[in-house]
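Structure record follows, encoded as structure tokens.
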Amino acid sequence: MSTAIDSDPLLLCAQQLNSTVGTVFGQVRQLVDVAVEQWTRVLAEGRQPASKDLALLRPAIDEQLLATGAFGCGGGVIVEPGCLADREMHLEWWYLADGGKTLPLRPNFDRRRENFYDYTNMPWYARPRDSRNSSVEGPYVDLYGTNMYVLTFTMPILVEGHFIGVAGLDLSLHNLEKMLVCSLMRLEHEAVLISADGRIIAANTANWMVGDLAPKLLDPTPLGGVRLVLEEPEAGWSLIRLPSPRR
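When you read off a place in the sequence shown, starting at 1, and then add 4, the result is the number in our numbering.
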């Protein structure tokens with residue numbers, strides 16, 4: 005029996021996009037779970053977690069990072085300042101290198117240096133910390149890691165109700181965009197995928213450039229078209245179908 009989704013290309017496209025976002029958040033959620041498990045185990049031993057305890061998360065980080073295939077370029081856990089016994093700031097973050105190897109990201113946490121890396125001000129960290137909700141940030145250029153256009157998916161890590169950091173994955177927009185565009189190309193009309201802050205993520209025509217701001221598309225009826233907010237509320241993404249036929 006045919007359903008409304010089966011017969012409506014726009015709803016079918018939205019369903020495919022929801023599935024993609026949901027899969028990524030599912031992978032980040034697994035990182036959250038292993039981090040909480042490890043943190044809770046250390047607390048049960050009667051001591052404050054240290055950086056060596058987070059190093060034990062690497063197999064789980066590698067597993068989820070490699071599971072993203074060509075889309076992933078980095079992932080791990082970032083800790084709230086003051087939560088570790090031996091370091092004020094710390095991240096257990098690994099990125100994909102040539103040959104499928106994972107290498108550690110080692111930014112500078114010396115506040116006296118010009119290149120001090122204050123992740124607490126980064127939206128992908130601050131929003132989950134302040135809202136206790138998941139977040140997708142980007143697309144943006146990852147200047148402190150891969151220098152690639154990325155989307156960062158993060159979720160807060162809560163232990164006994166206390167925020168101790170975030171878990172996340174960086175996805176290469178260059179590779180992910182190809183899959184997103186495949187979904188958009190199923191539509192006969194011009195269509196755009198846009199972030200909550202009005203930044204273009206993908207489009208099925210050359211009229212829209214990835215990364216550009218187009219806040220007018222966040223209107224309820226953008227340029228006379230139709231706007232569907234994806235079901236994954238943390239992403240805040242919208243699928244826009246415009247009146248013009250795709251050419």
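Here a beta-carbon is modelled for each residue, glycine too, at the ideal position from N, C-alpha and C. Treat the numbers as computed from the prediction; the structure is a model and nothing was measured.
(message) By DSSP's criteria, residue 242 is part of a beta bridge. Which residues make up the other side?
(response) 198 and 233
(request) Decide yes or no for the touch test of the region 175-189 against the region 229-238: beta carbon pairs closer than 8 Å, at least 3 of them. (result) no
(request) With residue 66 as the anchor, note down where its beta strand (DSSP E) starts and where it stops. (result) Segment 62-71 is the alpha helix (DSSP H) holding residue 66; no beta strand (DSSP E) there.
(message) Can you tell me whether residue 210 is helix, strand or coil according to DSSP?
(response) coil
(request) From the DSSP output, in three-state form, read off residue 85 for me. (result) coil
(request) Would you please state the rounded distance, in angstroms, between the beta carbons of residue 130 and residue 35? I believe it to be under 8 Å. (result) At roughly 19 Å, the Cβ-Cβ gap does not stay under 8 Å, so residue 130 and residue 35 are not in contact.
(message) Quick check on residue 35: does DSSP put it in helix, strand or coil?
(response) helix
(request) Measure the CB-CB distance between residue 187 and residue 20 and report whether it falls below 7 Å. (result) yes
(request) Would you mind stating whether residue 153 and residue 140 have Cβ atoms separated by less than 7 Å? (result) no
(request) Would you kindly work out how many angstroms separate the C-alpha atoms of residue 247 and residue 191, rounded to a whole number? (result) 11 Å
(message) Distance check for residue 109 and residue 74, CA to CA, integer angstroms please.
(response) 19 Å
(request) Would you kindly work out how many angstroms separate the C-alpha atoms of residue 250 and residue 17, rounded to a whole number? (result) 15 Å
(message) Could you compute how far the alpha carbon of residue 264 sits from the alpha carbon of residue 227?
(response) The displayed coordinates of the chain run from 5 to 251. Any statement about residue 264 would go beyond what the structure contains.
(request) Out of 94, 239 and 136, state which residue places its alpha-carbon closest to the alpha-carbon of residue 56. (result) 94
(request) Taking all protein chains shown into account, decide if residue 225 is buried (16 or more other Cβ within 10 angstroms of its Cβ) or exposed. (result) exposed
(request) Sort 115, 203 and 43 by Cα distance to residue 88 and report the nearest one. (result) 43
(request) Identify every residue that forms a DSSP beta bridge with residue 258. (result) Since the first and last residues shown for the chain are 5 and 251, residue 258 lies out of range.
(message) Is it buried or exposed, residue 255, if we count other Cβ atoms within 10 angstroms and call 16 or more buried?
(response) The chain is shown only over 5 to 251; residue 255 falls outside these bounds and no answer can be derived.
(request) Just confirm the distance between the C-beta atoms of residue 173 and residue 72, as a whole number of angstroms; I'd bet it's less than 8 Å. (result) 6 Å
(request) Put residue 224 into one of helix, strand or coil per three-state DSSP. (result) coil
(request) Counting only the same chain and skipping the five closest in sequence on each side, list residues whose C-beta sits under 6 Å from that of residue 96. (result) 58, 61, 80 and 81
(request) Closer than 6 Å by C-beta to residue 222: which residues in its own chain qualify, once you throw out the five before and the five after it? Chain order, please. (result) 202
(message) For residue 138 and residue 242, I'd like the C-alpha separation in whole angstroms.
(response) 16 Å
(message) So, under 8 Å CB-CB, residue 169 and residue 49 are touching, yes? Tell me the CB distance rounded to an integer number of Å.
(response) That belief does not hold up - the Cβ atoms of residue 169 and residue 49 are roughly 19 Å apart, past 8 Å.
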